[in-house]
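Enquirer:
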Amino acid sequence: MAAIVTAEGLGKSFARRGSTSPPVLDGLHLELEEGTVLALLGPNGAGKTTTVRILSTLLRPDAGRATVGGLDVVRDARRVREIISLTGQQVAVDDKLSGAENLTMMGRLAHLPRRVVRDRVAELLTAFDLADAASRHVGTWSGGMRRRLDLAAGLLTRPRVMFLDEPTTGLDPRSRQALWDVVRGVVADGTSVLLTTQYLEEADRLAQRVALVDGGRVVAEGTPARLKREVGEAGVELTFATPSDAARVAPALAATVDGARVRVATDGSVGHVRSVLSAVEAAGVAPEHWEVRAPSLDDVFLTLTGHAGTTGPGGQDRPATTTGVAA
Amino acid sequence: MTHVLSDVSTMTTRGLRLVARDTDAMITAVVLPVIILLMFVLVFGGALDTGTEYIDYVTPGVILLAAGFGAANTAMAVERDMSGGMVDRLRSMPVNAWTVLSGHVVASLVKNLATTAIVFGVSILLGFRPQVTALEWLAAVGMILLFVGWITWLATLVGVLVRSPDAAGGFSFFVMFLPYVSSAFVPVDTLPSWLRGFAEHQPVTPVIETVRGLLTGDVAGTPGLADPGGTAALAITWCVGLGLVFAVAAGLAFRARR
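Sequence lines, in order, name chains A and B. Plus 21 on top of the position in the first sequence (first one is 1) and you've got this note's numbering. Plus 610 on top of the position in the second sequence (first one is 1) and you've got this note's numbering.
Given below as structure tokens:
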């Protein structure tokens, strides 16, 4: 299969002359295979949004080149715009217009014939479960509905490539699930999707390939299965009163120790978790707190890059003694 | 280029819907100008001697002042587009920068046309009796729209450049100031000499004199602007020139903004 989006050595800096702040993009490479989903996974400030803005012709790169559908995003920007759609981090719909009015406007701007616009608007409103609210002002809608409308607005033209910049940030779990279903439907219809996300789970659910972005470059790339294999599935995490308690428990388990905290990789099954807890009990020290936790973005970074993400999303930076798997 | 007209019409429809559903903008467009007219005519009018019926003198000024207030709404609407996600979506589509912005401008022209009609209507109820032919009406309204045009393009530029709704709203202070220091409400020879120099040479004064001249035949209001043809030419040059400058600047700023 051919790559529909490519980026080679993209560089971008917003620093003023003489400033020493590092570039936002520093030689970023990526490829999106036609008909698939590529997730750019990374913390805030990694360069995900800047990448999307360059690929969607909003920003010119300082270095490197990028193509969409074989067209250069700088030289052929206008033609690129005819085959892409962008759904940015902020919802781009008018609160004072109804759902149908919003979509109709976008269809007209995409230069579709009137009748096609009318049919397509009705089709999308139904497909995205928005038909009942279609005539109400969007300002009265829920966040999830607004996000779905936002996505629909980008789909009137059946774009070949869709860019989604953190499409589910700020959504509740049910809306997130609904949005994932929408994206899967879009891909089934033949659109290639490049999405950015801070959530490992989202990349896992949607993408065929995941590119881990940190410090303006792709630091690891592969299928979600491979990334997860390297990170380990979930972990039993136990917090003890003192590091020495933690050290006492660790030998009995295949555990990594981080101060008073102990992490044991698990498949999440009742049997395995029970055996871990039994081993802890047998060691004669009681944890202050324990939980089973899925690997977070922090864990992925720690494992694959050997350091925590530049500015982890809400995750505490902890100096850990994990045995890192080099990416 | 083939899509420019359809794009402008799409964006104008949007702009008009946003204005019509924005309570603030509607009050600014409909209620405020009428209150200002009543205030000038009923409160200040008795004390002001302009050599004519004050209502004849002040009506064009109220309309231009209203255009300034309305422009602040335009600046805020453009700012909302820029700071929200809308601008990114539009810029990632095959739509021209000026097309996007002109939706707000044309909507503003239509809105001000309505304001103009309302102010003239109330003014006529209050005793305004313009002695004009249909052609002079048309010319006067055309002059007002040219003025609204440049001030709206300026508002659009402000909306593209500023980074907060407050800054966009603050724009109204500037545009309020212009008509006050002109011959809109008082003859410029009543101003202190240092202000008079500004008032005689700023764009609002020739526009006011032209509109007033067309509607009431009163052309001797401002020294140096006694020739109606020359005054009109000056007014048109100001409006078209400033309009072009701000339109080009707004489009460039729109494209340059990241």
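Glycine included, each C-beta is placed from N, C-alpha and C at the ideal position.
Please confirm if A:M127 has its CB atom under 9 Å from at least one CB of chain B.
Expert: Taking Cβ atoms only, chain B reaches closer than 9 Å to A:M127, which makes this a yes.
Enquirer: Which value, in whole angstroms, describes the spacing of the CA atoms of A:L185 and A:V291?
Expert: Going from the Cα of A:L185 to the Cα of A:V291 covers about 37 Å.
Enquirer: Determine whether the beta carbon atoms of B:P797 and B:G671 lie at a separation below 9 Å.
Expert: No, these two residues do not count as a Cβ contact at 9 Å.
Enquirer: Using 9 Å as the limit for Cβ to Cβ distance, is B:L700 near chain A?
Expert: Closer than 9 Å to some Cβ of chain A, the Cβ of B:L700 qualifies, so yes.
Enquirer: Which bits of chain B does A:V11 rub up against, with CB to CB less than 7 Å?
Expert: What the structure shows of chain A is the stretch from 22 to 348, and residue 11 of chain A is not part of that stretch, so it cannot be assessed.
Enquirer: Please list the partners that B:L628 has in chain A, where partner means a Cβ-to-Cβ separation under 9 Å.
Expert: Correct list: D115, K117, L118.
Enquirer: Does B:W804 pass the burial test, meaning 16 or more other C-beta atoms within 10 Å, or should it be called exposed?
Expert: With fewer than 16 Cβ atoms within 10 Å of its Cβ, B:W804 is classed as exposed.
Enquirer: Output the distance between the C-alpha atoms of A:R100 and A:L92, rounded to the nearest integer angstrom.
Expert: Roughly 7 Å between the two C-alpha positions.
Enquirer: Once the 5 residues before and after B:I728 are set aside, which same chain residues still bring their CB inside 8 Å of it?
Expert: Excluding positions up to five away in sequence, the list reads V640, P643, V644.
Enquirer: Show which residues of chain A have a CB atom less than 7 Å away from the CB atom of B:G704.
Expert: First, the amino acid is wrong: residue 704 of chain B is Pro here, not Gly. In chain order: R99, R102, E103.
Enquirer: Could you tell me whether the segment 648–660 of chain B touches the segment 145–161 of chain A, using the rule of 3 or more Cβ pairs below 8 Å?
Expert: At 8 Å Cβ cutoff, the stretches do not touch.
Enquirer: Could you tell me the distance, in whole angstroms, from the CA atom of A:P334 to the CA atom of B:I818?
Expert: Per-residue confidence for A:P334 stands at a pLDDT of 40, beneath the threshold of 50, marking its modelled position as unreliable; the derived number appears in the next sentence. Cα to Cα, A:P334 sits roughly 58 Å from B:I818.
Enquirer: Between A:R284 and A:G305, is the Cβ-Cβ spacing less than 9 Å?
Expert: No, they are not a contact pair.
Enquirer: Determine which residues share a DSSP beta bridge with A:E52 and list them.
Expert: Per DSSP, A:T27.
Enquirer: Where does B:H714 land, buried or exposed, given buried means 16+ other C-beta within 10 angstroms?
Expert: The residue in question, B:H714, is buried, as its Cβ has 16 or more Cβ neighbours within 10 Å.
Enquirer: Following the continuous alpha helix (DSSP H) through A:G237, name the residue where it begins and the one where it ends.
Expert: It is not in any alpha helix (DSSP H) - A:G237 carries neither H nor E in the DSSP assignment.
Enquirer: When the Cα atoms are used, what is the spatial distance from B:W747 to B:T800?
Expert: Approximately 29 Å, taken between the alpha carbons.
Enquirer: When you compare each of B:T762, B:F730, B:L854 to B:I665 by their alpha carbons, which one comes out closest?
Expert: Ranking B:T762, B:F730, B:L854 by Cα distance to B:I665 puts B:F730 first.
Enquirer: Taking 9 Å as the CB-CB cut-off, is A:V112 touching chain B?
Expert: By this cut-off, A:V112 is an interface position.
Enquirer: Based on DSSP bridge pairs, tell me the residues matched to A:A273.
Expert: Per DSSP, none; premise fails for A:A273.
Enquirer: Spell out the partners DSSP gives A:G32 in its beta bridges.
Expert: DSSP output for A:G32 lists A:D47, A:A84 as bridge partner(s).
Enquirer: Under the assumption that B:D632 contacts A:G109 (Cβ atoms under 8 Å), give the Cβ distance between them as a whole number of angstroms.
Expert: With 8 Å as the limit, B:D632 and A:G109 do not qualify as a contact, their Cβ atoms being about 24 Å apart.
Enquirer: I think A:T207 touches A:L227, with their Cβ atoms under 8 Å apart; what is that distance to the nearest whole Å?
Expert: Rather than Thr, the amino acid found at residue 207 of chain A in this sequence is Val. Not confirmed; about 10 Å, so no contact.
Enquirer: Only counting runs of 4 or more residues, tell me where the alpha helix (DSSP H) segments fall wholly within the segment 702–752 of chain B, in order along the chain.
Expert: If we require 4 residues or more, the alpha helix (DSSP H) runs fully inside the segment 702–752 of chain B come out as 707–735.
Enquirer: Inspect the beta-carbon positions of B:R865 and B:R624 and report whether they are closer than 9 Å.
Expert: Going by C-beta atoms, B:R865 is not nearer than 9 Å to B:R624.
Enquirer: Use the C-beta contact count for B:F679: other C-beta atoms within 10 angstroms, 16 or more gives buried, fewer gives exposed.
Expert: Buried, because 16 or more other Cβ atoms sit within 10 Å of the Cβ of B:F679.
Enquirer: From A:L172, A:L215, A:R38, pick the residue whose C-alpha is nearest to that of A:V182; which is it?
Expert: Minimum Cα distance to A:V182 is reached at A:L215.
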